[in-house]
Amino acid sequence: MTNSSSSSSGQHVRLGAGDAEVTVDPGNGCRISSLRVGGTELLRQGERYGCFPMVPWCGRIAEGVFRDGATEHRMPLNAPPHAIHGTGRDTAWRTARADATEASFVYDLAEPWPYSGRVTQTFELTEDALTLRLGVETYADSFPAQVGWHPWFRRTLDGGEEAVLDFAPAWQEERGADHIPTGRRIDPRPGPWDDCFGMPDGVAATLTWPGRLELTVTSRARWVVVYDEQEAAICVEPQSGPPNGLNTAPHLVTPIEPLELAATFAWRRPV
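Letter 265 of the sequence shown, counting from 1, is numbered 828 in my numbering, and no numbers are missing.
What follows is the structure, given as structure tokens:
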């Protein structure tokens with residue numbers, strides 16, 4: 564399964580390996596619109612769902628305001644009273660290259676983001692895993708940024724039992740009434756969650772659909788957001804910093820130090 568034109572942002576790109584199939588929609592935020600294993604769709608369907616990149620920030624920015632030194636910037640309040648999930652998911656990306664199992668996409672940062680730079684996302688598919696990579700680079704001014712992914716995994720697969728999530732975070736970021744972390748780290752609490760967790764040795768979380776499939780999300784990222792408040796899906800979101808991290812834990816992108824992160828979704832069937 565192959566691709567569209569290498570310069571197009573409007574055509575879907577399809578990858579295939581064994582019985583795994585991935586469809587990427589560069590025109591709709593370069594999101595994975597479909598991830599199928601053995602003919603079974605693993606992602607919630609719809610133009611807002613699938614699996615989208617969070618860039619150049621993850622989760623909410625409190626009241627849409629972040630500071631870079633003494634300079635204050637305001638982002639559009641797309642989740643009032645906050646700004647959420649970056650601008651990349653609302654942008655048309657360009658397909659840089661694509662073959663049967665790998666593809667790369669790019670877009671140039673633009674307003675309302677106040678800095679210039681380039682974002683690259685790549686996908687590599689094998690028979691039992693999909694590896695995603697995000698990179699943010701600048702050729703001019705340095706700036707704070709975050710990257711991550713927001714997959715919407717289906718809670719049930721074609722009428723089967725509900726998925727069970729297994730992960731062992733070191734802490735939970737205490738969430739305020741405004742959904743912004745307070746800055747306190749607390750012992751992990753039972754769900755349902757719309758919460759950020761710390762995993763200092765890297766993200767490792769497993770979703771098991773009993774009798775059907777086991778899928779593990781791994782990344783060297785130290786934070787993961789779990790959102791399971793909707794009946795249709797469970798979101799397991801590896802990211803380079805916590806919500807509101809542009810203010811509390813920014814990573815500085817410089818001309819000699821880009822921000823780069825990878826994550827892998829690996830699956831296996833029960834024996």
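The C-beta atom is built at its ideal place from N, Cα and C for all residues, glycine as well.
Source: prediction; values computed, not measured.
Is the stretch 698–710 in contact with the stretch 800–819, if contact means three or more CB pairs nearer than 8 Å? Short answer: they touch.
- Message: So Val699 and Val710 are supposed to be a Cβ contact under 8 Å. How far apart are they, rounded?
- Response: Stepping through the sequence shown from its first residue, residue 699 is reached at position 136. Stepping through the sequence shown from its first residue, residue 710 is reached at position 147. The beta-carbon distance between Val699 and Val710, rounded to whole angstroms, is 6 Å. This is short enough to meet the 8 Å contact definition.
Beta-bridge pairing of His814 - partner residues as DSSP gives them
One-based indexing of the sequence shown puts residue 814 at position 251. His814 is bridged to Ala708.
Would you say Arg748 and Gly739 are within 8 Å of each other, going by their C-beta atoms? By 1-based counting over the sequence shown, the position of residue 748 is 185. By 1-based counting over the sequence shown, the position of residue 739 is 176. With contacts defined by Cβ atoms closer than 8 Å, Arg748 and Gly739 do not form a contacting pair.
* Asked: Quick one, which of Glu674, Thr719, Asp758 has its alpha-carbon nearest Thr603's?
  -> Along the sequence shown, read from residue 1 onward, the residue named residue 603 stands at position 40. Among Glu674, Thr719, Asp758, the Cα nearest to that of Thr603 belongs to Thr719.
According to DSSP, is Glu800 part of a helix, a strand, or is it coil?
Along the sequence shown, one-based indexing puts residue 800 at 237. Reduced to three states, the DSSP call for Glu800 is strand.
Handout entry: With 16 other Cβ atoms within 10 Å as the buried cut-off, status of Ser803
Key = Start at 1 with the first residue of the sequence shown, and residue 803 comes out as number 240. Taking all protein chains shown into account, Ser803 has 16 or more neighbouring C-beta atoms within 10 Å of its C-beta and is therefore buried.
task = Pick helix, strand or coil for Pro773, following the three-state DSSP scheme.
result = Start at 1 with the first residue of the sequence shown, and residue 773 comes out as number 210. Three-state DSSP puts Pro773 in coil, outside helix and strand.
Within the same chain, show all residues whose beta-carbon is closer than 7 Å to that of Asp588, passing over the 5 residues directly before and after it, in chain order.
Taking the first residue of the sequence shown as 1, we reach residue 588 at position 25. The residues are His575, Arg594, Ser596.
* Tell whether a beta-carbon distance below 8 Å holds between Phe615 and Gly592. => One-based indexing of the sequence shown puts residue 615 at position 52. One-based indexing of the sequence shown puts residue 592 at position 29. Phe615 is a Cβ neighbour of Gly592, given a cutoff of 8 Å.
For this session: Output yes or no for whether 8 Å exceeds the beta carbon distance between Pro677 and His645.
Result: Within the sequence shown, the letter at position 114 stands for residue 677. Within the sequence shown, the letter at position 82 stands for residue 645. If you check the CB distance, Pro677 and His645 do not come in under 8 Å.
**Q.** Local conformation of Asp653 per DSSP, three classes
**A.** Position 90 of the sequence shown, counting from 1, holds the residue named residue 653. Asp653 falls in the helix class under three-state DSSP.
TODO: Decide yes or no for the touch test of the stretch 681–693 against the stretch 761–770: beta carbon pairs closer than 8 Å, at least 3 of them.
DONE: As far as the Cβ criterion goes, the stretch 681–693 does not touch the stretch 761–770, which means the pair count is below three.
(message) Extract the residue ranges of the alpha helix (DSSP H) inside the stretch 591–629, only unbroken runs of 4 or more that lie entirely within it.
(response) Listed in chain order, there is nothing to give.
Sequence-distant residues of the same chain with beta carbon closer than 7 Å to Gly627, five excluded per side = Your numbering for residue 627 matches position 64 in the sequence shown. The answer, listed in chain order, is Arg637, Met638, Pro639, Leu640, His645, Ala646.
**Message:** What does the Cβ neighbour count give for Arg831, buried or exposed, with the cut at 16 atoms within 10 Å?
**Reply:** Along the sequence shown, one-based indexing puts residue 831 at 268. That one is exposed.
Checklist entry - For Leu809, which residues from the same chain have a beta carbon less than 7 Å from its beta carbon, with the 5 sequence-adjacent residues on both sides left out? => result Here residue 809 is taken as the residue at index 246 of the sequence shown, counted from 1. Correct list, in chain order: Trp620, Ile624, Phe629, Pro707, Gln709.
Tell me which same chain residues have a C-beta within less than 6 Å of the C-beta of Val834, skipping the five on either side of it? In the sequence shown, the residue the question calls residue 834 occupies position 271. Counting only Cβ-Cβ distances below 6 Å, and skipping sequence neighbours, we find nothing.
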